[in-house]
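Let me begin by presenting the structure, written as structure tokens, before commenting on it.
This is the structure we're talking about:
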């Protein structure tokens, strides 16, 4: 199923079958137009998905989709002597500092929360772009960290890095399948999620455009958490969440109010995913049930806009009004270590 469709009458099978051709045609048209992006936004395919093979580690960090400046490193464009890339208004789209996940800019990079400060400075200031990319890939593998984005393909409504502009979203099915054949996985971190906000998790009450009754509402923005669990619902999985003591709340229309009220301003909780037997997507003979910790901090890009969130307010009041970036690093480091002390810390951030 395609999420956040721009055209409700679109033929999904035709669209899906033509993604590769549509993207290739766009690249050729971009060359002919002297590397100026067209007014009509193109069908995009994730540029980094195959750069980092997923392994049977016990954790995954999950994002959405990179800004379109990744095109500066497209092989076909570079073979045609791409020098500068511009949007239709002739605004320069500079190449990412590192051609990899979250490599666009040092200022708001996810990597400052994963790497220690000296290593972060080394990667962004001392290494050339391609060496830095190789370094980050090796670091993730040596540290046994899976990173992937939930979106495989998208078509923006405008050339903006904002996730709210991502439409016609095709889910990264390889990621979903990998998680459910990985017997070691015990936790997922989503770098954007509705459950961190004060508004909480929203579920459709009616069958509407881009909405099916009882399923997670992804119409407002393209959060990685919401897209992930909505995709599982669309693949006929049963989803339940629990804050503590195994008091499970199933994601359905009857629990809309509880989901919205309980699952807001939260950093950590458990998810139970039930895949019925003989599921057409997962091809499983027997029913599969997985219980996984879910960690949902705020996005590095949103750090300055979320200071009024109760999670951040409470922590700053208890910690001499330190910057929210300090908290974000503590959350990521706790997720990666994930010992009992870290679990206690993360649970302590949840706001009732």
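Residue numbers (our numbering): 3 to 354. Virtual Cβ for every residue (Gly too), placed ideally from N, Cα, C.
Assuming residue 269 contacts residue 297 under a Cβ cut-off of 8 Å, what Cβ separation, rounded to an integer in Å, is found between them?
Confirmed, about 6 Å.
Less than 8 Å between the CB atoms is what I'm expecting for residue 276 and residue 240, so what's the real figure, rounded?
Going by Cβ atoms, the distance from residue 276 to residue 240 rounds to 4 Å, so yes, they are a contact pair.
Using CA atoms only, rank isn't needed, just tell me which of 27, 30 and 53 is closest to residue 102.
Of the listed residues, the one whose Cα sits closest to residue 102 is 53.
Would you call the segment 23-37 in contact with the segment 69-79, where contact means no fewer than 3 C-beta pairs closer than 8 Å?
Touching, yes, given that three or more Cβ pairs across the two stretches are closer than 8 Å.
Once the 5 residues before and after residue 361 are set aside, which same chain residues still bring their CB inside 8 Å of it?
The shown model of the chain, from 3 to 354, leaves out residue 361, and the question about it has no answer.
Residue 284 CB to nearest chain D CB: under 7 Å?
Considering every chain present, this structure includes no chain D. It has just one protein chain.
I need the DSSP call for residue 355, collapsed to helix, strand or coil.
In the structure as shown, the chain begins at 3 and stops at 354. Residue 355 is therefore absent and cannot be evaluated.
For the beta strand (DSSP E) holding residue 393, just list the boundary residues, first then last.
Not covered by the structure: residue 393. The range shown for the chain is 3 to 354.
Between residue 224 and residue 66, is the Cβ-Cβ spacing less than 7 Å?
Closer than 7 Å, so yes.
Could you tell me which residues DSSP pairs with residue 88 in its beta bridges?
Looking at the DSSP assignment, residue 88 forms a beta bridge with 38 and 94.
Identify every residue that forms a DSSP beta bridge with residue 150.
DSSP lists 64 as partners of residue 150.
Let me know if residue 150 comes out buried or exposed under the rule of 16 or more other beta-carbons within 10 Å of its beta-carbon.
Buried, because 16 or more other Cβ atoms sit within 10 Å of the Cβ of residue 150.
Report all residues from its chain with a CB closer than 6 Å to the CB of residue 231; omit the five preceding and five following residues, and keep chain order.
Excluding positions up to five away in sequence, the list reads 218 and 241.
With residue 158 and residue 43 assumed to form a contact (beta carbons below 8 Å), what rounded beta-carbon distance in angstroms separates them?
The pair is a contact, with the Cβ atoms about 5 Å apart (cut-off 8 Å).
Am I right that residue 86 and residue 73 are in contact with their C-beta atoms under 8 Å? What's the rounded C-beta distance?
The pair is not a contact, with the Cβ atoms about 11 Å apart (cut-off 8 Å).
How many whole angstroms separate the CB atoms of residue 197 and residue 203, which I take to be in contact at a CB cut-off of 8 Å?
About 5 Å; that satisfies the 8 Å criterion.
Where does residue 228 fall in DSSP's three states?
It is helical.
For residue 342 and residue 272, I'd like the C-alpha separation in whole angstroms.
Looking at the two C-alpha atoms, the distance is approximately 15 Å.
Using CA atoms only, rank isn't needed, just tell me which of 246, 92, 46 and 299 is closest to residue 170.
The residue with the shortest Cα to Cα distance from residue 170 is 46.
Would you mind giving the Cβ-Cβ distance between residue 84 and residue 28, rounded to the nearest angstrom? I have them listed as a contact below 8 Å.
The Cβ separation is near 14 Å, so there is no contact.
Return the first residue and the last residue of the alpha helix (DSSP H) that residue 2 is part of.
Any question about residue 2 goes unanswered here, given that the chain covers just 3 to 354.
Give the C-beta separation of residue 153 and residue 174 to the nearest angstrom, bearing in mind that I take them to be a contact with Cβ-Cβ under 8 Å.
Correct: roughly 6 Å between the Cβ atoms.
Suppose the cutoff is 6 Å on Cβ atoms and the five residues either side in sequence are ignored; what does the same chain contact list for residue 24 look like?
The residues are 45.
In whole angstroms, give me the CA-to-CA distance for residue 155 and residue 168.
Those two C-alpha atoms are separated by around 9 Å.
If contacts are defined as beta-carbon pairs under 8 Å, then residue 64 and residue 164 qualify, I think. What distance do you get, rounded to the angstrom?
Between residue 164 and residue 64 the Cβ distance is about 18 Å, and since that is not below 8 Å, they are no contact.
Near residue 324, which residues of its chain fall below 7 Å by C-beta distance, leaving aside the five closest residues on each side in sequence?
Cβ within range, chain order: 318.
Tell me which same chain residues have a C-beta within less than 6 Å of the C-beta of residue 105, skipping the five on either side of it?
Once the five neighbours on either side are set aside, the close Cβ partners of residue 105 are 98 and 99.
For residue 237, which of helix, strand or coil comes out of DSSP?
Here residue 237 sits in coil by DSSP.
What is the rounded straight-line gap between the Cα of residue 116 and the Cα of residue 88?
Answer to the nearest angstrom: the Cα atoms are 32 Å apart.
Could you spell out where the beta strand (DSSP E) holding residue 291 opens and where it closes?
Element bounds for residue 291: 290-297.
State yes or no: is the C-beta of residue 254 within less than 7 Å of the C-beta of residue 216?
Yes. Within cutoff.
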